[in-house]
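See below for the structure under consideration.
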């Protein structure tokens, strides 16, 4: 079938349950569990029906994975039966083969690289990208407590999108730009301008809340510079230091989150609750974000399962370690049903001390035999001139 108007095509396909769950995602933290469950089930089943109908690759994959069809998904407890794609497929040259929409509807293209140089690519169509923009904006506003503060400013310890258009982490974080009074990017042409970054903080310190955003290793670099130059800050109580992109450098060096948190508090004069870590994948629209209680809230439009480390066909009970498996109905470019190599623990329907109720995720590490591939490593290589992928436009 020839698609001439993608949005109309999607509406005709009945994607309204997905529209609803995206538009209400920040409100859903306060909905009864029964309502959250019903909305999530309707959206995920609709996405499964869509991909099963329009994606021959995935339909065949479903037949080879127990011959699961949409008719088999009758209630919420059946969702774990939906066949999930290994994250490795995106690093094996299968990205185009997995598309549920014609390639001409590709609007964005994201790239990541691993420690050993393995390369991953993921696409987005305009409707999936629209879901990402709306969902991420609402979740940032909710979980970063932006409703309680005036217009903040942002220091991005990253290149701009113009310098690295294909880095998914930058695209996600750029959703916040409409909120910020001012923003600065501390990297230009592979160089980190430490002076520019510190001067930006000095300019706004004491006037408005400051958000400092970047991968853990670059936040750490910046703090080392400040320490060497005997610079310390006492930021506003509404300031936020946000990390995203992974905890390992391309050299294999791993940064401890606890050590980084202590260093952030002493360097910027903030409380531990002002430091927030985020977990996301370029393949999906979901971004799990920490609240003030340091619980990583899964977006209400997604469902996370933990699969047994020795038998990935089995679902673990809450609180048990295993492979993180994600069902994200807001990605329609290809099936947003992915088994990641990340090892974690999930607690469903968690009544958090922050006042929200949702599933929460604790990422512990990665499968040992799997190469680490994430935005942090990609950006690290970019800084050292070892990656050209981020400089390519998506056209």
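Numbering (our numbering), first residue to last: 10 to 404. Just so it is clear, CB atoms sit at the ideal spot from N, CA and C, and this is done for glycine as well. The model shown is predicted, which means the values in this text are computed figures rather than measured ones.
Counting along the chain, residue 283 sits inside no beta strand (DSSP E), nor does DSSP assign it H or E at all.
With contacts defined by Cβ atoms closer than 8 angstroms, residue 276 and residue 223 do not form a contacting pair. Fewer than three Cβ pairs drawn from the region 319-334 and the region 99-113 lie within less than 8 angstroms of each other, which leaves the two stretches out of contact. Closest option to residue 370, judged by alpha-carbon separation, among 295, 345 and 135: 295. Under the rule that a run must span 4 or more residues, the alpha helix (DSSP H) segments found entirely inside the region 213-243 read 225-237. For the pair residue 292 and residue 347, the CB atoms are nearer than the 8 angstroms cut-off. The C-beta of residue 233 has fewer than 16 other C-beta atoms within 10 Å across all chains shown, which makes the residue exposed.
Distance between residue 312 and residue 192, taken at the CA atoms: about 33 angstroms. For residue 107, no beta strand (DSSP E) run applies, since DSSP gives it neither H nor E. Excluding its 5 nearest sequence neighbours in each direction, residue 157 has C-beta neighbours in its own chain below 8 angstroms: 247, listed in chain order. Runs of the alpha helix (DSSP H) spanning 4 or more residues and lying entirely within the region 33-77 occur at 42-63 and 65-73, in chain order. Nearest in C-alpha terms to residue 82, of all of 65, 97 and 61, is 61. For residue 360, the secondary structure class from DSSP, reduced to helix, strand or coil, is strand. With contacts defined by Cβ atoms closer than 8 angstroms, residue 99 and residue 118 do not form a contacting pair. Sorting 47, 174, 152 and 328 by C-alpha distance to the C-alpha of residue 29 places 47 at the top. Per DSSP, the beta bridge partners of residue 299 are 305. For residue 249, the three-state secondary structure derived from DSSP is strand. Beta-bridge pairing by DSSP links residue 331 to 353. Put simply, the region 33-44 does not touch the region 57-73. Fewer than three CB pairs are less than 8 angstroms apart.
If you draw a 10 Å sphere on the C-beta of residue 339, you find 16 or more other C-beta atoms in it, and that means buried. Restricted to the region 186-217, the beta strand (DSSP E) segments that are unbroken, complete and at least 3 residues in length are 192-194, listed in chain order. In this model, residue 327 and residue 267 are separated by some 24 angstroms (Cα to Cα). In the three-state scheme derived from DSSP, where H, G and I count as helix and E and B as strand, residue 276 is classed as helix. Each of 231, 66 and 159 was checked against the Cα of residue 194, and the nearest Cα belongs to 231. Cβ neighbours of residue 45 within its own chain (closer than 7 angstroms, five residues either side excluded): 37 and 309. Where residue 129 is concerned, the enclosing beta strand (DSSP E) starts and stops at 128-134. Note on residue 171: under 16 other CB atoms within 10 angstroms of its CB, so exposed under the neighbour-count rule. Ranking 353, 32, 49 and 69 by CA distance to the CA of residue 86 puts 49 first. Rounded to whole angstroms, the Cβ separation of residue 244 and residue 214 is 7 angstroms, and the two are in contact under 8 angstroms. Residue range 15-21 is occupied by the alpha helix (DSSP H) that includes residue 17. DSSP, read as helix, strand or coil, puts residue 26 in helix. The beta carbons of residue 219 and residue 164 sit about 7 angstroms from each other, so the pair counts as a contact at 8 angstroms. When the beta-carbon positions are compared, residue 288 and residue 297 come within less than 8 angstroms of each other.
Secondary structure note for residue 312: its beta strand (DSSP E) is the uninterrupted segment 312-316. Residue 77 and residue 187 have their C-alpha atoms roughly 43 angstroms apart. Here the C-alpha atom of residue 229 lies approximately 7 angstroms from the C-alpha atom of residue 269.
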